[in-house]
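Under my numbering, the final residue of the sequence shown carries the number 253; numbering is consecutive throughout.
Positions of the beta carbon are idealized from the N, C-alpha and C atoms, including for glycine.
Beneath this line is the structure, given in structure tokens, with notes to follow.
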Amino acid sequence: VILMADMLKRGIGVHHSGILPILKEVVEMLFGRGLVKILFSTETFAMGVNMPARTVIFDSIRKHDGTNFRNLLPGEYIQMAGRAGRRGLDTTGTVIILCKGDVPEASELHLMMLVSHRNHT
């Protein structure tokens, strides 16, 4: 809790299912007010919370589903990427996918992004 408070004073937040619910609420409130400038989060932040961001950065397009690692499903990708540059709030939004090691195949990225786009426009 002390480390979290120190980070929040500097405008840096953390949001994931393992932190106390009250801490998640504080992070959400500060982010919504623009006081948290950098937020490290899992997909918990994208689910059920309408908090747009100017830029969304994926450190991976893979996730653990409880059994194995797999690529993000189109709906998972669009739910998180859709936080960037929300309509009526930002003039632009940016989504960045970091590649650690191997660059994903273009077909994998197209499946994740284009299928998402077609199903949500």
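Top-ranked residue by Cα proximity to residue i, from the options
i    : options                   : result
G233 : S192, E208, K156 and F172 : S192
N182 : I189, R194 and R165       : R165
K195 : F163, V188, R186 and E208 : E208
C231 : L241, F172, G225 and G198 : L241
Sequence-distant residues of its chain with Cβ nearer than 6 Å to residue i (five each side left out)
i    : result
I144 : I170
L221 : P184
T174 : H148
C-beta contact flag for residue i and residue j at 9 Å
i    : j    : result
L204 : F190 : yes
V188 : I228 : yes
R186 : G217 : yes
Counted within 10 angstroms of its Cβ, other Cβ atoms place residue i as buried (16 or more) or exposed
i    : result
F201 : exposed
M212 : buried
K141 : exposed
M161 : exposed
M179 : exposed
V133 : exposed
H163 : Per the sequence shown, the amino acid found at residue 163 is Phe instead of His. Buried is the call here.
V168 : buried
Neighbourhood of residue i by C-beta, 7 Å cutoff - its chain only, sequence neighbours within 5 removed
i    : result
T176 : H147, H148 and S149
For residue j and residue i, believed in contact at Cβ under 8 Å, the rounded distance
i    : j    : result
M136 : L155 : 6 Å
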